[in-house]
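Line by line, the protein sequences are chains G and V. Just so we're aligned: 16 in numbering that gives the first Met the number 0 is position 17 of the first sequence, and the numbers increase by one with no gaps anywhere. Just so we're aligned: 33 in numbering that gives the first Met the number 0 is position 34 of the second sequence, and the numbers increase by one with no gaps anywhere. Even glycine gets a Cβ: it sits at the ideal position worked out from N, Cα and C. Keep in mind the model is a prediction, meaning the values are calculated, not measured.
2 protein chains.
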Amino acid sequence: MPQDQTKTYQAKVFVTLKPSILDPQGRTVERSLSHLGQQVSGVRVGKYIELQLEGERGEVESRLKDMAENVLSNPVMENVRWELEEAALEPA
Amino acid sequence: MPQDQTKTYQAKVFVTLKPSILDPQGRTVERSLSHLGQQVSGVRVGKYIELQLEGERGEVESRLKDMAENVLSNPVMENVRWELEEAALEPA
Numbered sequence: 000m001p002q003d004q005t006k007t008y009q010a011k012v013f014v015t016l017k018p019s020i021l022d023p024q025g026r027t028v029e030r031s032l033s034h035l036g037q038q039v040s041g042v043r044v045g046k047y048i049e050l051q052l053e054g055e056r057g058e059v060e061s062r063l064k065d066m067a068e069n070v071l072s073n074p075v076m077e078n079v080r081w082e083l084e085e086a087a088l089e090p091a
Numbered sequence: 000m001p002q003d004q005t006k007t008y009q010a011k012v013f014v015t016l017k018p019s020i021l022d023p024q025g026r027t028v029e030r031s032l033s034h035l036g037q038q039v040s041g042v043r044v045g046k047y048i049e050l051q052l053e054g055e056r057g058e059v060e061s062r063l064k065d066m067a068e069n070v071l072s073n074p075v076m077e078n079v080r081w082e083l084e085e086a087a088l089e090p091a
């Protein structure tokens, strides 16, 4: 059975305001778009964070969960989700 | 052949700084994580925007492309990509 290997992983973290929290930035974008003739609704502005981690898959997943929930987002006001994939090898 | 129908679509827009642009916010996050004992690299902080549009699929796609490229992002400094899907029906 192959041993779990240390690899470089690319993580993508999506932080969004909870639906019950007002989003003034989103409202502003919505009004600006409306003034430009673009009718849209429900604009919510969140954060999209990319980062790289090294380690074994399970350990990296657990570190990413910890960072996403406790550092990159505010659990009182925000929801967070993330994706993890092996980083593409850099061209030499 | 079914006619193209007016529907509500949910759009997700991802705005990231171009790789050549320095990201001081990302550097700060990286240092903060390092002080907390989390070694990560290549932290980049972008925006994640959700919005809803109504219309026919083709027209909505073209409006979204216009908004994403010309309003929601700055083409000089940022890259932008987006996803579009039919919005789930709200429970009555």
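Inter-residue spacing [alpha-carbon to alpha-carbon] between residue i and residue j
| i | j | result |
| --- | --- | --- |
| A91(G) | V75(G) | Note on A91(G): pLDDT 45, under 50, position unreliable in the model; the coordinate value appears next. Answer to the nearest angstrom: the Cα atoms are 44 Å apart. |
| M66(G) | Q4(V) | 43 Å |
| K64(V) | L35(G) | 14 Å |
| D22(G) | E29(G) | 11 Å |
| A86(V) | I20(V) | 34 Å |
| V70(V) | R26(G) | 14 Å |
| K17(G) | T15(V) | 22 Å |
| G57(G) | Q24(V) | 28 Å |
| Q9(G) | N73(G) | 22 Å |
| E82(V) | S61(G) | 28 Å |
| S33(V) | Q37(G) | 43 Å |
| E84(V) | S31(G) | 23 Å |
Supposed contact pair residue j and residue i - C-beta distance, whole angstroms, cut 8 Å
| i | j | result |
| --- | --- | --- |
| G45(V) | F13(V) | 6 Å |
| T7(G) | E53(G) | 5 Å |
| H39(G) | Q51(V) | As written in the sequence, residue 39(G) is Val, which differs from the His given in the question. At roughly 6 Å, the Cβ-Cβ gap stays under 8 Å, so V39(G) and Q51(V) are in contact. |
Among the options, nearest to residue i - alpha-carbon criterion
| i | options | result |
| --- | --- | --- |
| N78(V) | E68(V), E85(V), L21(V) and A86(V) | E68(V) |
| I48(V) | A86(V), K11(V) and A87(V) | K11(V) |
Residues within the stretch 62-81 of chain G neighbouring chain C, beta-carbon criterion of under 7 Å: No chain C is part of this structure, whose protein chains are labelled G and V.
key: Selection of the stretch 31-51 of chain G by Cβ proximity to chain V, strictly under 8 Å   = S31, L32, L35, Q37, Q38, V39, S40, G41, V42, R43, V44, G45, K46, Y47, I48, E49, L50 and Q51
(message) Against chain G, which members of the stretch 20-31 of chain V pass a CB distance test of less than 9 Å?
(response) G25, V28, E29 and S31
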